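Colleague:
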Amino acid sequence: MAKILLWTSIGVFSALGGYLPMLLMTGDATIASVLGSLAGGLFGIFMYVKLRDAGYIE
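So for the sequence shown, my numbering puts the first residue at 1; every next one is plus one.
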């Protein structure tokens with residue numbers, strides 16, 4: 001259960017962290033959602049690798 005909450009929170013923060021800055025920079029919600037999703041996905045992968053290397057994830 002803790003892992004589900006961890007991954008849900010990482011996913012939500014990755015999506016918002018990718019979407020909101022793109023929306024502010026471009027002013028267009030469609031472009032922001034596409035670019036924000038890509039940036040959020042890359043951030044999620046980065047966080048997974050960091051947590052795995054630190055030993056939090058088997």
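Quick reminder that beta carbons are idealized off the backbone N, C-alpha and C, glycines included. In this text, all values refer to a predicted model and were calculated from it rather than measured experimentally.
Under the three-state reduction of DSSP, which class applies to residue 59: helix, strand or coil?
Modeller: Summary: the structure shown does not reach residue 59, with the chain confined to residues 1 through 58, and so no result is reported for it.
Colleague: If we call anything under 8 Å between Cβ atoms a contact, is residue 14 one with residue 43?
Modeller: Result yes, Cβ atoms of residue 14 and residue 43 sit closer than 8 Å.
Colleague: Look at the Cβ atom of residue 35, then the Cβ atom of residue 22, and state whether they are nearer than 8 Å.
Modeller: Yes. Within cutoff.
Colleague: With DSSP collapsed to three states, give me the class of residue 57.
Modeller: It is coil, neither helix nor strand.
Colleague: With 16 as the cutoff for other CB atoms within 10 Å, does residue 55 come out buried or exposed?
Modeller: Exposed, by the Cβ-count rule.
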